[in-house]
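Beneath this line is the structure, given in structure tokens, with notes to follow.
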Amino acid sequence: MSIDEQWYEIQLSVPWVVAGAKSVQDAINIAVAEVGTRTKSTEARSSEILVQDVVCPSCGYEMEAALCTTDFALVVLTVIVEMLAESHEESERVAKRELGVRMKDIPLTVLETRPVDEADEKPEMNFADLGRDVQSRNETKQT
């Protein structure tokens with residue numbers, strides 16, 4: 000990691016076609032599993048996969064962006080990855096390159112990019128703290 004590089008969180012929209020799904024929930028499960036497998040093999044520090052929601056323009060009801068027909072389903076996912084880059088633009092290129100080679104012929108649309116601050120990072124789990132109450136954990140950290 001060079002001095003100019005920083006971690007960026009990139010959110011991408013990924014439409015995923017699933018063949019042979021029996022129900023909408025099956026299609027969602029298959030899409031998340033397949034995209035998750037491909038995302039794990041990238042240089043991303045972390046990743047998260049969510050099903051996008053769509054809102055009915057007339058009633059305002061929110062539903063998952065998944066359409067299931069007889070033999071195929073389309074599930075629209077949001078993939079959030081953390082990539083190391085020197086700028087916003089480079090982080091988008093890196094994310095699209097890393098995911099694009101693993102998801103041939105899938106259009107990847109960047110929804111949002113933001114730098115990850117040190118304060119945003121998740122603290123590491125200390126297994127020695129498991130089972131202790133919060134007050135005794137805080138006392139241990141202060142000493």
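Numbering that gives the first Met the number 0 puts the first residue of the sequence shown at 0, with every later residue one more than the last. The beta carbon of each residue, even a glycine, is placed where N, CA and C say it ideally should be. Computed from a predicted structure; not experimentally measured.
Alpha-carbon to alpha-carbon, residue j and residue i
{"i": "D70", "j": "R37", "result": "23 Å"}
{"i": "E97", "j": "L110", "result": "16 Å"}
{"i": "P56", "j": "S12", "result": "21 Å"}
{"i": "A65", "j": "D52", "result": "9 Å"}
{"i": "I79", "j": "T112", "result": "9 Å"}
{"i": "L49", "j": "D3", "result": "30 Å"}
{"i": "T108", "j": "T68", "result": "24 Å"}
{"i": "A30", "j": "I105", "result": "13 Å"}
{"i": "K39", "j": "K95", "result": "14 Å"}
Option in the options with minimal Cα separation from residue i
{"i": "P14", "options": "V75, I79, S46 and Q5", "result": "V75"}
{"i": "R101", "options": "E61, G35 and L73", "result": "G35"}
{"i": "I9", "options": "G99, M62, H87 and K39", "result": "H87"}
{"i": "A26", "options": "S45, E63, E85 and G59", "result": "E63"}
Bridge partners - residue i, DSSP secondary structure assignment
{"i": "D70", "result": "Beta-bridge pairing links D70 to no other residue."}
{"i": "Q77", "result": "The question names Gln, yet the displayed sequence has Thr at residue 77. Answer by DSSP bridge pairing, in chain order: S12 and L49."}
{"i": "T108", "result": "S12"}
{"i": "Y7", "result": "M82 and P114"}
{"i": "V54", "result": "E61"}
Secondary structure of residue i, DSSP reduced to three states
{"i": "Q24", "result": "helix"}
{"i": "R113", "result": "strand"}
{"i": "A18", "result": "strand"}
{"i": "V100", "result": "coil"}
{"i": "A43", "result": "coil"}
{"i": "A65", "result": "strand"}
Neighbourhood of residue i by C-beta distance below 8 Å, restricted to the same chain and skipping five residues each side
{"i": "E42", "result": "M82, L83, V93 and E97"}
Cβ neighbours of residue i in the same chain (closer than 6 Å, five flanking residues each side left out)
{"i": "P114", "result": "Q5 and Y7"}
Spatial neighbours of residue i in its chain, beta-carbon cut-off 7 Å, leaving aside the 5 residues before and after
{"i": "A18", "result": "D70 and F71"}
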